[in-house]
Every structure is written in structure tokens, then in C-alpha cells.
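Q: Under the numbering used here, the first residue of the first sequence is numbered 463, with each subsequent residue one higher. Pasting a structure here, questions to come.
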Amino acid sequence: MRSKIAQKKEATVVEKVVSLAKRRGFVFQSSEIYGGLNGCWDYGPLGVELLRNIKEEWWKFMTFREDIEGLDASILMHPRVWQASGHVDNFSDPMIDCKQCKSRYRLDTLSDLVNQKRKKKTINALKEALGDGNEGVEKINSFFVNSDAEGEAKLDDVFEHILEDEVLSRLMLKHLNCPNCGNAESFTEPRSFNLMFKTFVGPVESTENTVFLRPETAQGIFVNFLNVQGASRQKLPFGIAQIGKAFRNEINTKNFLFRTREFEQMEMQYFVKPEDDKKHYDTWKEARIQWFKDLGMTAEKLRFHDHPADKLAHYAKEATDIEYQFPFGWGEIEGIHNRTNFDLSKHQEFSGKSQQYYDDETKEKFVPFIIETSAGASRSFMAFLVDAYSEEEVKGETRVVLRFHPKLAPIKVAILPLVNKDGMPEIARKIEADLRPHMKVFYDDKGAVGRRYRRQDEAGTPFCLTVDTQTLEDNTVTVRERDSMEQERIAIDDLLVHLIRKMK
RNA sequence: GCGGGAAUAGCUCAGUGGUAGAGCGCAACCUUGCCAAGGUUGAUGUCGCGGGUUCGAAUCCCGUUUCCCGCUCCA
Numbered sequence: 463m464r465s466k467i468a469q470k471k472e473a474t475v476v477e478k479v480v481s482l483a484k485r486r487g488f489v490f491q492s493s494e495i496y497g498g499l500n501g502c503w504d505y506g507p508l509g510v511e512l513l514r515n516i517k518e519e520w521w522k523f524m525t526f527r528e529d530i531e532g533l534d535a536s537i538l539m540h541p542r543v544w545q546a547s548g549h550v551d552n553f554s555d556p557m558i559d560c561k562q563c564k565s566r567y568r569l570d571t572l573s574d575l576v577n578q579k580r581k582k583k584t585i586n587a588l589k590e591a592l593g594d595g596n597e598g599v600e601k602i603n604s605f606f607v608n609s610d611a612e613g614e615a616k617l618d619d620v621f622e623h624i625l626e627d628e629v630l631s632r633l634m635l636k637h638l639n640c641p642n643c644g645n646a647e648s649f650t651e652p653r654s655f656n657l658m659f660k661t662f663v664g665p666v667e668s669t670e671n672t673v674f675l676r677p678e679t680a681q682g683i684f685v686n687f688l689n690v691q692g693a694s695r696q697k698l699p700f701g702i703a704q705i706g707k708a709f710r711n712e713i714n715t716k717n718f719l720f721r722t723r724e725f726e727q728m729e730m731q732y733f734v735k736p737e738d739d740k741k742h743y744d745t746w747k748e749a750r751i752q753w754f755k756d757l758g759m760t761a762e763k764l765r766f767h768d769h770p771a772d773k774l775a776h777y778a779k780e781a782t783d784i785e786y787q788f789p790f791g792w793g794e795i796e797g798i799h800n801r802t803n804f805d806l807s808k809h810q811e812f813s814g815k816s817q818q819y820y821d822d823e824t825k826e827k828f829v830p831f832i833i834e835t836s837a838g839a840s841r842s843f844m845a846f847l848v849d850a851y852s853e854e855e856v857k858g859e860t861r862v863v864l865r866f867h868p869k870l871a872p873i874k875v876a877i878l879p880l881v882n883k884d885g886m887p888e889i890a891r892k893i894e895a896d897l898r899p900h901m902k903v904f905y906d907d908k909g910a911v912g913r914r915y916r917r918q919d920e921a922g923t924p925f926c927l928t929v930d931t932q933t934l935e936d937n938t939v940t941v942r943e944r945d946s947m948e949q950e951r952i953a954i955d956d957l958l959v960h961l962i963r964k965m966k
């Protein structure tokens, strides 16, 4: 158990990182000069490099192999896609909250929590409040008359009908006490929590022109399954990888980049024979956590969180999250799911187009199973950033270092003339020009060299090259390593090879 | 969506009704001799935003936005 002091200290780590992120140009708040936009963030000069490097490493990991193809699907898709996927239906349920005890209820299941006696009392109270001859009362009476249900079920039926009526449900909720805490008049207005952003195709804002910003990139892969398979002549098992933005109209945003309304996903959907699902699921599960470790993320701060069978999503047979221990607690950075043939079957059903795969060996047609690896690029960014952040005491001063893996570091090498004279700047500029085509470099000749080192530490630059007096004599420079602060002398001619080797 | 806290220079913060401040950072020039510590000069604020009270508001009141924490939610 963590103490309050420990929690407080941990909380400040996020604050420090947010502060550093802004100061050094990793992350800015969106539309800051207008007061910001809730849950949206912009990646600055260093941030965009880090994010690109993360995505680049993922892309190479996924597609530099024989059995995975790349894809970049449109963000806007046919609205039927989201009906087939279940996103439209599953997330349009109106909800209410109890202001007293903070319980949340789905309006369509609220009836189950209210007993007969209470229902009767509530309906009567509603009718009384409306008054005789009122339209609403007549409507309620017609619910009774038209209900096919018998006996007690009839009351349930009517109660549910009232809840489904937009006007009557609001009125009835005023007479219904919270099933949990029993308080009266403590419900909020019913609200729909559809997580998808809507917009319109074409200039007319009408229902039939409504499309959604995708809430996940996966569906773009699923609907292109046969296109990709045919074009690439792949055979099962094979995967499709995609990186792209997705949008969810979250109720609450939270924890810096962790829960945002616009975010980026790195998804790879692996299509397999149904009987091989377990094997591939296990393989990908291990491969994905190893990826984070190989890029320097602290192994002790990574774990699996397997979803128990009774809490699986409607499409999943088996699921796990890769979680990172953020300062605010464990949080998912990637999900690995066995999605079965749910998605392709649904699209087959809704589109009327066969999504079956023909196996030449067994001469069988079937809808493949899908093993999904779905990583959050934005969340990974935050995890890598937080994980890299460190402070240490050096001669009584605090040294702030971002210990990025060299592959992820926004700037790979800083080139520093020790002093701005004796021809050192000229040599340093020459080195800069030679290295720049190969990697992101930064030239700095301002102020004392120690200060320049520290500035690079804060940006996470793994190597600093310093041109000094000895350079003038033997054409070597010092290569200063970020984490150890140790230096070695390397001949200028060997620099490129040396650095590339160091960055592996 | 509910409750609590916060918002003043790029960052960290002081400023309880009377001229907008400090440290660090940043920029220019000088000086340099390997880990943020020399010198000189300089820039930067609608005190989150909008109303109100007041002769006068960063300060008091109301609203609002954003961030953080807790609850809730997270297919």
C-alpha cells in the first residue's frame, strides 16, 4: 500500500513531466491561446520526433516481415460499418446519474432495479402530477391497454415504455427514488453517451448524410481484408498493420495524454485459422510486451492484465491488456484480443459480401479468426516519456535526464564546439553537415559546454560530440554518453559508423 | 456528469482593494578551455476568459473555460 506522501510525490512526477513537455516542446495544450480544448494536445518539435520514432519502430517491427502488409484506411467510413461493428447500438443508451450517491444507470435496464410496488407508486405519482385529461396520462393508459404482457409483467412493460418515452421518462424520474441510496429527485437528465463523433458528408446536415469519425482503426482493416489478401497474395496466417488517428467523445478526459478525445492507434490484425487462434494469441502477447522492453521501457513497470472470461467484450474470446505503471497507477497501453470471427462475420452479414477465405490445402471455406494487437501511440508516447524521466544529484545540482532509448530519442546527436574560436566552430559545422543527412542532429555553441550538456540531457539526446583543442591536433572528438556522462575519443572519420552502432 | 483543488512572464511561484514582482530560463554582445554558477545589455504579462461590486479589482462576488485529484465511465 502506498502512503499519501508517496502518492503526492508521484503525482508531482506527472506535473514535472507536463511542465518539461511544454518548456522543451514535447507537448502543448491544443488551442492554448483560446483557453485550450478539453482533452486535446499538440505535439511540439521534440514531441513529434518522439512520436514519429515510436510509430516508425512499430511499423518496422510489424511490416518488415513476410506475413504482414500495411494499410492506411480512410478515417471516414460508410455508416453501416459502425452498425455492423456494434458501435452505433451499444453506445446510444441514455444514462442517468444519481447526484447523491453517484450511481449511474442505463435507462433501458433501470426497470430491473425497481420493484413492483415502487413502480406502481411512481406511475401513480406521475399521473397525479400530470393531472386528469393530460396527454401524457392518456399515453400511459394506452400503454396499459396495448401491452401484451399479463399480470405483473404488464406493469414492468408499461414502466419500460414510459422510460423509452423521451418526455414522460424525464417527468417520471422526478418521482422515482434512486434504487441505490433511496434519495428523491436526485437524478440528472437522461443523457446519451455515444462515444462516436458525428459529422456530415456533403454540405447538407441531414440524418442520411451523417458519418462518424472512426472510434478505432480496426474496422478499416477488417473491411479491407479481402482487398489486401487478394492484392498481396497472402495466405493465412497473415496480418494487416495500420497507424492512424481515432476519435472518441469521452465523457471525461484524464491524466494528460492518457485519455484524450483524439488519439493515435497502432493496430495489427492477424488473420488466422480458427483452430490456431490460441497459438497466435499467445505468440503475439509475448511479442508485444517484449517490444516495449526492447525499446527501454522498465520491465518491472510492465505487466499483463488478463480479462476474466465473464468480463470480455462482446466480440472477444480472450483478451489481455499490456499495462504500464504510470505515476497515477497501472494503465493500458496496448490490448491483445482474440476477436474470433465476430467482425468479419458481422461485415459479411451487413454488407452481404462473403468474407470467407478459401484454403487450398483443405479445400475449405471459412471466415478467419482475428488476433488483434492494438497499441495506443499517444499512450505509448506518454509511457515512454514518463518512464524516461529521471532526476539525479550531480555535485549538489539536480540533473534532469530523459533516458530514451537512442532509437526513440528526438535528437540523436548534439554537436558542440568547446569554445567559439581557434577554428573549432568550423570543424563542428563540418561534422554537423556530414551527419545531418543520416540522423536528427542539433548544433549548439551558446554558453558554457556544461550547460549545453544539461540542455541535451533534458531533451533526451543520447550523444554529445565536443570539438576541443585535441581535435585540432589529431582529428578526434569526444563522444559524451547521456546516461553515464562518460566520454570517449573517436576519430572524426569513424563517427558515423560509431554512432550508428551505438544506436542499435 | 458530480465533488474538491488550481489558473499571475517560457517554467516555478510571491503578491488579501491603490504603479505588475522574484528566481530560473530565453535573446544579443563580450568572456571562454568538459558537466547548468563570469560580465554587460535586453525582451516578455489584457494577472485564463466574460460580467458585476467599487473612485479604483490580480485581489471581493457571479458565470465560464482549462488543468489536476477523487467518484463515475472507459464497448
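Ideal Cβ positions, reconstructed from N, Cα and C, are used throughout, including at glycine. This structure is a prediction, so every number in the text was calculated from the model and none was measured.
Could you say which of 528, 855, 485, 897 lies nearest to residue 702 if we only look at CA atoms?
A: Indexing the first sequence from 1 puts residue 702 at position 240. Residue 702 has its Cα closest to that of 528, out of 528, 855, 485, 897.
Q: Would you kindly check if the distance between the Cβ of residue 539 and the Cβ of residue 690 is under 9 angstroms?
A: The sequence position of residue 690 within the first sequence is 228, counting from 1. The sequence position of residue 539 within the first sequence is 77, counting from 1. Cβ distance not < 9 angstroms, so residue 690 and residue 539 don't count as in contact.
Q: Hey, quick one: how far does the beta strand (DSSP E) through residue 768 stretch, first residue to last?
A: By 1-based counting over the first sequence, the position of residue 768 is 306. 764-768 is the extent of the beta strand (DSSP E) around residue 768.
Q: Just the C-alpha distance for residue 486 and residue 846, rounded to the nearest angstrom, thanks.
A: Residue 486 sits at position 24 when you count from the first residue of the first sequence. Residue 846 sits at position 384 when you count from the first residue of the first sequence. Cα to Cα, the separation comes out at about 16 angstroms.
Q: Under the three-state reduction of DSSP, which class applies to residue 745: helix, strand or coil?
A: Taking the first residue of the first sequence as position 1, residue 745 is located at position 283. Residue state, collapsed to three classes: helix.
Q: Which term fits residue 934, buried or exposed, when burial requires 16 or more other beta carbons within 10 angstroms of its beta carbon?
A: Sequence index remark: in the first sequence, residue 934 carries index 472 (1-based). Exposed.
Q: Alpha carbon to alpha carbon, how far is residue 921 from residue 508?
A: Taking the first sequence and counting its residues from 1, one reaches residue 921 at position 459. Taking the first sequence and counting its residues from 1, one reaches residue 508 at position 46. Rounded to the nearest whole angstrom, the CA to CA distance from residue 921 to residue 508 is 8 angstroms.
Q: Go through the stretch 628-689 residue by residue and report every complete run of the alpha helix (DSSP H) that reaches 4 residues or more, in order.
A: 628-635, 680-684
Q: For the stretch 746-755 against the stretch 856-874, are there 3 or more C-beta pairs whose distance is under 8 angstroms?
A: no
Q: I'd like the ranges of any beta strand (DSSP E) spanning at least 3 consecutive residues and lying wholly in the stretch 812-853.
A: As far as the stretch 812-853 is concerned, its whole beta strand (DSSP E) runs of at least 3 residues are 819-821, 826-828, 831-838.
Q: In angstroms with no decimal places, state the Cα-to-Cα distance between residue 730 and residue 872.
A: Residue numbering aside, residue 730 sits at position 268 when the first sequence is read from its first letter. Residue numbering aside, residue 872 sits at position 410 when the first sequence is read from its first letter. Using only the alpha carbons, I get a separation of about 25 angstroms.
Q: Where are the beta strand (DSSP E) runs, 3 residues long or more, that stay fully inside the stretch 498-569, in chain order?
A: 503-505, 530-532, 556-559, 566-568
Q: Start and end of the alpha helix (DSSP H) containing residue 963?
A: The residue you call residue 963 lines up with position 501 of the first sequence. Segment 957-964, the alpha helix (DSSP H) holding residue 963.
Q: Pair every Cβ in the stretch 508-521 with every Cβ in the stretch 734-743, then say whether three or more of these pairs are closer than 8 angstroms.
A: The stretch 508-521 vs the stretch 734-743: no contact.
Q: Are the beta-carbon atoms belonging to residue 941 and residue 949 less than 9 angstroms from one another?
A: Within the first sequence, numbered from 1, the residue matching residue 941 stands at position 479. Within the first sequence, numbered from 1, the residue matching residue 949 stands at position 487. Cβ distance < 9 angstroms, so residue 941 and residue 949 count as in contact.
Q: Counting C-beta neighbours from all protein chains within 10 Å, is the total for residue 930 16 or more, i.e. buried, or is it exposed?
A: Residue 930 sits at position 468 when you count from the first residue of the first sequence. Classification for residue 930: buried.
Q: In whole angstroms, what separates the C-alpha of residue 521 from that of residue 773?
A: If you number the first sequence from 1, residue 521 lands on position 59. If you number the first sequence from 1, residue 773 lands on position 311. In a straight line, the C-alpha of residue 521 is about 31 angstroms away from that of residue 773.
Q: For residue 888, does the count of other Cβ atoms within 10 angstroms reach 16, so buried, or fall short, so exposed?
A: One-based indexing of the first sequence puts residue 888 at position 426. Exposed, because fewer than 16 other Cβ atoms sit within 10 Å of the Cβ of residue 888.
Q: Note the first and the last residue of the continuous beta strand (DSSP E) segment covering residue 593.
A: As a position in the first sequence, residue 593 is number 131, starting the count at 1. Careful: residue 593 lies outside any beta strand (DSSP E) and carries neither H nor E.
Q: Measure from the alpha carbon of residue 632 to the alpha carbon of each residue in 615, 650, 641, then state which is nearest.
A: By 1-based counting over the first sequence, the position of residue 632 is 170. From the listed residues 615, 650, 641, the smallest Cα separation to residue 632 is found for 650.
Q: At 3 residues or longer, and completely inside the stretch 694-721: list those beta strand (DSSP E) runs for me, N to C.
A: 700-709
Q: For a test of the three-state rule: what should DSSP assign to residue 482, helix, strand or coil?
A: Here residue 482 corresponds to residue number 20 of the first sequence, with the count starting at 1. Note: residue 482 maps to helix in three-state DSSP.
Q: Quick check: the stretch 584-604 against the stretch 625-641, are there 3 or more CB pairs under 8 angstroms?
A: Yes: the two stretches touch, three or more of their Cβ pairs being nearer than 8 angstroms.
Q: So is residue 817 buried or exposed if we call it buried at 16+ other beta carbons inside 10 Å?
A: On the first sequence, position 355 is the one that residue 817 refers to. Buried, because 16 or more other Cβ atoms sit within 10 Å of the Cβ of residue 817.
Q: Starting from the C-beta of residue 840, find all residues in its chain whose C-beta is less than 6 angstroms away, skip the five residues before and the five after it, and write them out in chain order.
A: Against the first sequence, residue 840 aligns to sequence position 378. Cβ neighbours of residue 840 beyond the five flanking positions: 719, 725, 726.
Q: Using the rule of at least 16 other Cβ atoms within 10 Å of the residue's Cβ for burial, across every protein chain shown, is residue 558 buried or exposed?
A: As a working mapping, residue 558 is identified with position 96 in the first sequence. So residue 558 counts as buried.
Q: Under the DSSP definition of a beta bridge, which residues are partnered with residue 786?
A: One-based indexing of the first sequence puts residue 786 at position 324. DSSP, once it has assigned bridges, lists 764, 793 as partnering residue 786.
Q: Does the beta-carbon of residue 582 have 16 or more other beta-carbons within 10 angstroms, so that it is buried, or is it exposed?
A: Position 120 of the first sequence, counted from the first residue, corresponds to residue 582. That one is exposed.
Q: Opposite residue 862 in the DSSP bridges: which residues?
A: The sequence position of residue 862 within the first sequence is 400, counting from 1. Residue 862 is bridged to 853.
Q: Contact check, residue 819 vs residue 698 under 8 angstroms by CB: the rounded distance?
A: Against the first sequence, residue 819 aligns to sequence position 357. Against the first sequence, residue 698 aligns to sequence position 236. 6 angstroms between Cβ atoms; contact.
Q: Could you have a look at residue 873 and say whether DSSP puts it in helix, strand or coil?
A: Start at 1 with the first residue of the first sequence, and residue 873 comes out as number 411. Looking at residue 873 - three-state DSSP - the assignment turns out to be coil, as it is neither helix nor strand.
Q: Classify residue 575 as buried or exposed, calling it buried when 16 or more other Cβ atoms lie within 10 Å of its own Cβ.
A: One-based indexing of the first sequence puts residue 575 at position 113. Residue 575 comes out exposed.
Q: Since residue 895 is in the alpha helix (DSSP H), which residue starts that stretch and which ends it?
A: Indexing the first sequence from 1 puts residue 895 at position 433. It spans 886-897 - the alpha helix (DSSP H) in which residue 895 sits, taken as one unbroken run.
Q: How about residue 728 and residue 838: are their beta carbons less than 9 angstroms apart?
A: Here residue 728 refers to the residue found at position 266 when the first sequence is read from its first residue. Here residue 838 refers to the residue found at position 376 when the first sequence is read from its first residue. Closer than 9 angstroms, so yes.
Q: Would you identify the three-state DSSP class for residue 950, choosing helix, strand or coil?
A: As a position in the first sequence, residue 950 is number 488, starting the count at 1. In the three-state scheme derived from DSSP, where H, G and I count as helix and E and B as strand, residue 950 is classed as strand.
Q: Take residue 970 as the anchor and find which of 733, 741, 674, 692 has the nearest alpha-carbon.
A: A question about residue 970 goes unanswered here, because the residues of the chain that appear run from 463 up to 966.
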